[in-house]
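**Q**
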Amino acid sequence: MTMQCKDIPDDVFVSAVRNAPASSAARWRTRWDVATELESTLGPVPENLFMAKARRLLARGLIGGCPCGCRGDWHPADECYDPERCCRPQTEETR
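Just so we're aligned, residue 0 is where the sequence shown starts under numbering that gives the first Met the number 0, counting upward by one.
In structure tokens form, the structure reads like this:
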């Protein structure tokens with residue numbers, strides 16, 4: 000059976016973001032550190048599935064950062080410096 004986004008609980012992914020080492024005082028986490036943290040809990044997660052889950056959580060405003068797959072620079076929504084622009088769920092107007 001192939002793993003799907005629904006097989007990765009939202010809270011487990013957000014916890015992986017929270018527990019990954021922050022790369023600066025801005026508290027950003029790279030996608031590689033988050034992936035390592037997530038895989039320590041769930042085991043191997045394919046890269047395309049990992050990024051798909053991250054994009055969904057970003058769109059829902061549960062984490063903030065870059066969804067393109069560059070570095071990530073992710074953070075939990077409750078650590079956001081600019082929640083008015085960063086960690087807001089997307090609506091039809093903002094897509």
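For every residue, glycine included, the Cβ atom is placed at its ideal position computed from N, Cα and C.
#1: Grouping DSSP H, G and I as helix and E and B as strand, with all else coil, what is Asp81?
#2: Candidates Arg54, Arg55 and Arg59: which alpha carbon is nearest Pro82's?
#3: Along the alpha helix (DSSP H) that carries Arg55, what are the first and last residues, could you check?
#4: Does the Cβ-Cβ distance between Asp9 and Leu56 come in under 8 Å?
#5: Excluding sequence positions up to five away, which residues of its chain have a Cβ less than 7 Å from the Cβ of Cys85?
#6: Going along the chain, which residues of its own chain have a beta-carbon closer than 7 Å to the beta-carbon of Lys99, five neighbours each way excluded?
#7: Please report the residue range of the alpha helix (DSSP H) in which Leu41 lies.
**A** By the coordinates alone:
#1: coil
#2: Arg59
#3: Per DSSP, Arg55 belongs to the alpha helix (DSSP H) from Glu46 to Ala58.
#4: Between Asp9 and Leu56, the CB-CB gap stays under 8 Å.
#5: Gly63 and Cys79, listed in sequence order.
#6: Only positions 0 to 94 of the chain appear in this structure, which leaves residue 99 out of reach.
#7: Arg30 to Leu41
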